[in-house]
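Working notes, structure below.
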Amino acid sequence: MDLSGANLQLDSFEELATPLFDQLYNFAHWLTQNRDEAEDLVQETYVKALKGFSSFQLGTNFRAWIYRILRNTFLTSRKGLKVTMTVPLDFDDEEEEPEPAIERDTPETLLLARSSQELLQKAIDELPMHFREILLLCEVEEMSYQEISETLAVPIGTVMSRLSRARQSLRSQLRPQLQQDPRIARGTNHGL
Amino acid sequence: MVCESWKARLDTYLDGEVPQEELRTFDAHVRNCHSCSADALSRVQLKRAIQVAGKRFTPSAEFRKRIQQNMSPKPRRRFHVGWTLAAAAAVVLVVGTLTLTYLGNRSGRDQVFSEIADLHVATLASSSPVDVISTDRHTVKPWFQGKIPFAFNLPELQNSEFSLLGGRMTYLEQTPGAHLIYDVRKHHISVFIFQERSLPARLSDNALQPGQLSFNAETWSQGGLRYFVIGDASPADIDSLARLFKAAS
């Protein structure tokens with residue numbers, strides 16, 4: 001490899017990968033649910049991405065590419081394998097439950113009123129991995145359906161249905177938690 | 001009941017994924033339907049809450065530093081190339097020291113090539129070996145305008161195995177000059193050009209010879225300029241590049 005070409009490629013990698021460091025770490029920690037494992041996962045992702053950077057086409061979606069590497073690395077780790085073994089293979093094919101009727105005190109309004117960030121984090125944590133990751137990619141990383149489709153290597157239709165099920169699942173988890181929350185039980189949620 | 005079909009796509013709408021041609025109709029419905037607008041509002045609230053709650057973990061300063069040190073490609077390269085070339089520089093130094101010890105009267109002519117070899121090695125060990133990166137001689141040559149007190153010609157390389165990587169300014173015995181780096185079959189060759197009359201007398205000796213160096217080198221004087229070609233390429237490659245320069249000058 002000639003000197004200028006190699007430097008240019010390494011510079012490009014650094015330029016693209018460095019700004020994503022915090023986000024990748026956050027996503028890795030949500031997946032692994034452990035600080036040390038998240039650090040190992042991010043480190044391994046960077047090593048793999050740097051090694052495979054020659055196969056990445058400049059001008060295409062680097063973010064989706066490196067997130068896919070991180071996710072695949074996680075899925076092949078011991079914890080990742082354990083997680084995927086507990087997910088039913090047909091979880092995307094289950095029939096969607098009908099949306100609950102609009103309520104005055106929805107989980108959303110209660111959350112807003114109570115700033116129950118901890119409850120929400122706990123509920124996200126308890127989501128199955130496939131729901132948790134797609135929700136984070138959409139809401140936190142603000143990826144488009146196309147980017148999510150590239151990251152997870154699934155069709156856009158699957159992205160839409162899985163996302164919808166993830167949201168429903170989160171709402172169903174939040175509802176009882178919010179009702180059991182003593183702060184809410186003391187209740188000043190009127191008017192919401 | 002019409003609302004059910006809208007509601008089924010409310011999340012897609014709020015994610016900004018409804019096709020452009022349907023957007024206006026969707027906007028109009030959500031604005032005018034109390035039930036859908038209330039539903040949209042609560043979903044937006046949940047989206048915002050997830051966005052805030054989702055940004056939960058931050059890497060430690062120690063881990064950030066570790067990644068920057070380990071993952072940054074430049075230091076890795078610098079480390080690798082640096083050590084390789086430092087070893088080469090050490091060889092040059094040992095050769096120089098041995099020459100001094102055993103011969104005791106190392107000539108000024110040998111010293112010139114030792115200094116040129118040091119410049120060559122130090123430059124390649126640098127993280128940015130060239131200040132002007134281009135394979136185009138018409139880009140590299142004008143870059144030296146106003147930086148060095150002379151002009152020179154660069155050879156046409158179209159039918160040769162050599163490629164130009166770029167150039168930088170250099171100094172030999174406080175005399176400014178041009179340093180060009182060429183590539184031939186993954187070997188890097190340096191070409192140094194100085195104004196002959198600006199060099200100390202011992203450096204402009206017509207009888208200059210490379211002497212005992214671990215690199216192959218060649219030098220000549222032409223048109224008031226002193227040229228040095230040095231690298232780890234074969235003597236034939238060094239000579240070929242020298243001949244191209246001689247023909248271009």
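Protein chains in written order, with my numbering: chain A, 1 to 192; chain B, 1 to 249.
Don't be surprised by glycine CBs; every beta carbon is placed ideally from N, CA and C.
Keep in mind the model is a prediction, meaning the values are calculated, not measured.
Closest Cα partner of A233/B within the set L23/B, I189/B, P142/B, F113/B: I189/B
Candidates L172/B, S134/B, G166/B, G167/B: closest to A117/B by CA position: L172/B
Any chain B beta carbon closer than 8 Å to V154/A: no
6 Å CB neighbourhood of P176/B in its chain, flanking five on each side removed: I148
N- and C-terminal bounds of the alpha helix (DSSP H) containing K44/B: Rather than Lys, the amino acid found at residue 44/B in this sequence is Val. Element bounds for V44/B: 34-54.
For E330/B, the first and last residue of its enclosing beta strand (DSSP E): Past the edges of chain B, shown from 1 to 249, lies residue 330/B, and the structure says nothing about it.
Residues of its chain near L20/A, where Cβ-Cβ distance is below 7 Å and the 5 sequence neighbours each way are ignored: R63, I66
Beta bridge counterpart(s) of G166/B as assigned by DSSP: I133/B, I181/B
Cβ neighbours of S198/B in the same chain (closer than 6 Å, five flanking residues each side left out): T175
Span of the alpha helix (DSSP H) around R68/A: 62-75
Neighbouring residues, chain A, relative to I189/B (Cβ below 9 Å): Per Cβ cutoff of 9 Å: no residues; I189/B is ~12 Å from chain A at best.
Span of the alpha helix (DSSP H) around I134/A: 129-135
Beta-carbon neighbours of T170/B, restricted to chain A and to distances below 7 Å: Result: empty, since nearest Cβ-Cβ is about 17 Å, beyond 7 Å.
Helix, strand or coil at Q195/B [DSSP, three-state]: strand
Validate contact between the stretch 126-133 of chain B and the stretch 222-236 of chain B using beta carbons, cut 8 Å, 3 pairs: no
Closer than 8 Å to chain B by CB, I134/A: no
N- and C-terminal bounds of the alpha helix (DSSP H) containing N152/A: Looking at the sequence shown, residue 152/A is not Asn but Leu. Looking at the DSSP string, the run of the alpha helix (DSSP H) that includes L152/A is 145-152.
Interface flag, R167/A vs chain B, CB-CB below 8 Å: yes
Under the three-state DSSP convention, the category T32/A falls into: helix
Short Cβ contact (8 Å threshold) for M143/A with L135/A: no
D136/B versus K246/B - alpha carbon distance: 19 Å
Residue from L50/A, F53/A, T45/A whose Cα sits closest to the Cα of L75/A: T45/A
Sub-8 Å separation of H29/A and F57/B beta-carbons: yes
Proximal residues, the stretch 28-55 of chain B versus chain A, C-beta separation under 9 Å: S35, A38, D39, L41, S42, R43, V44, Q45, L46, K47, R48, A49, I50, Q51, V52, A53, G54, K55
Closer than 8 Å to chain A by CB, D11/B: yes
Under 8 Å from the C-beta of T58/B: neighbouring residues of chain A: D22, Y25, N26
8 Å contact criterion, which D237/B and V184/B should meet: CB distance rounded: 5 Å
Residue of A122/B, S35/B, V140/B minimising C-alpha distance to A178/B: V140/B
Straight-line gap, H130/A to N159/B (C-alpha atoms, nearest Å): 57 Å
Where L172/B falls: helix, strand or coil (DSSP): strand
Extent of the continuous alpha helix (DSSP H) run through R9/B: That residue, R9/B, is in no alpha helix (DSSP H); it is neither H nor E in DSSP.
Candidates L50/A, L127/A, S116/A: closest to R165/A by CA position: L127/A
CB contact check: I124/A to chain B, cutoff 8 Å: yes
Buried or exposed (CB count within 10 angstroms, at least 16 for buried), G80/A: buried
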